Amino acid sequence: MREIQKALAIGSHPDDIEIGCGGTIAKWVKEYGVEFYTMTMTSGESGGIPEVRMKEQEAAGRLLGVYKHFWGDYKDTKLPLNNDLIADIEGVINEIKPEVVLVHYHQDTHQDHRSVATATITASRYTSNVLFYEGPSTYGFAPVTFVDITDSINQKYGALYAHNSQVSKTNVKNLLITQIAEATAIFRGVECRAKYAEGFMPFRFFL
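Plus 847 on top of the position in the sequence shown (first one is 1) and you've got my numbering.
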């Protein structure tokens, strides 16, 4: 892949980005000097107090070295797949002109994730590299591109812990989101012969 100067990660809710690609963000910022931007489309009000969740997102971004965070103005669980959503995402892409966009995979049981993934495909049509990341609600995900996050896994954990209101809110009793993240990173690491990794499925990948 060609040299990356700017990248953008997009998520539907606070903590989506950290779960899916937090290790990659931390690594690219620290090791390659990438100017990394993030965009969250809702304040996650269905899962907590909006003001708290927004502060948690900003704190997580600082831990990962995010250059700037953008907020959408959409309702949690009610993200519409329409021209406005596409235009809002495209507006940020046009403003920062990233070489890489990371976003949810479109096969996901959460309707917001599906809407954002599909909207981003259109909004990023002039972006060289568009990669899908995974999360606990993703299905049918078979990554063929990997990032070794062994040296940035602790930053990923730290960013997830910054979402203090959400750490224990998983679909499995007594299982923390950091434990899910670790299990996923170990499994993806085995696939690419690394201790810890994040996996991606490319929609478009320009070598």
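Beta carbons are placed, not taken as given, at the ideal position from N, Cα and C, and that holds for glycine.
If you're wondering where the values come from, they're calculated on a predicted model, not measured in any experiment.
Beta-carbon spacing of residue i, residue j below 8 angstroms
i, j, result
"Val977", "Val948", "yes"
"Gly908", "Arg900", "no"
"Thr824", "Phe1052", "With the chain covering 848 to 1054 only, the question about residue 824 has no answer from this structure."
"Thr969", "Ile933", "yes"
"Ala964", "Asp955", "yes"
"Ile1000", "Gly895", "no"
"Ala1041", "Lys1003", "no"
"Thr924", "Pro945", "no"
"Ile1024", "Leu1007", "yes"
"Ile943", "Lys853", "yes"
"Pro983", "Phe1047", "no"
"Phe979", "Val1014", "no"
"Leu855", "Tyr879", "no"
Inter-residue spacing [alpha-carbon to alpha-carbon] between residue i and residue j
i, j, result
"Thr997", "Glu1045", "10 angstroms"
"Gly867", "Glu981", "5 angstroms"
"Glu865", "Tyr952", "15 angstroms"
"Leu910", "Leu926", "27 angstroms"
"Ala1009", "His957", "23 angstroms"
"Val913", "Lys1020", "32 angstroms"
"Gly1005", "Leu928", "32 angstroms"
Burial state of residue i (16 or more Cβ within 10 Å)
i, result
"Asp931", "exposed"
"Pro861", "buried"
"Ser962", "buried"
"Gln904", "buried"
"Arg1035", "buried"
"Ser859", "buried"
"Ser971", "buried"
"Glu937", "buried"
"Leu845", "This structure gives no information on residue 845, because the portion of the chain shown stretches from 848 to 1054."
Bridge partners - residue i, DSSP secondary structure assignment
i, result
"Gly948", "The residue you asked about is not Gly; residue 948 is Val in the sequence shown. DSSP, once it has assigned bridges, lists Leu855 and Val977 as partnering Val948."
"Trp918", "Thr887"
"Thr985", "Asp955"
Supposed close pair residue i, residue j - CB separation, criterion 8 angstroms
i, j, result
"Ile851", "Val881", "5 angstroms"
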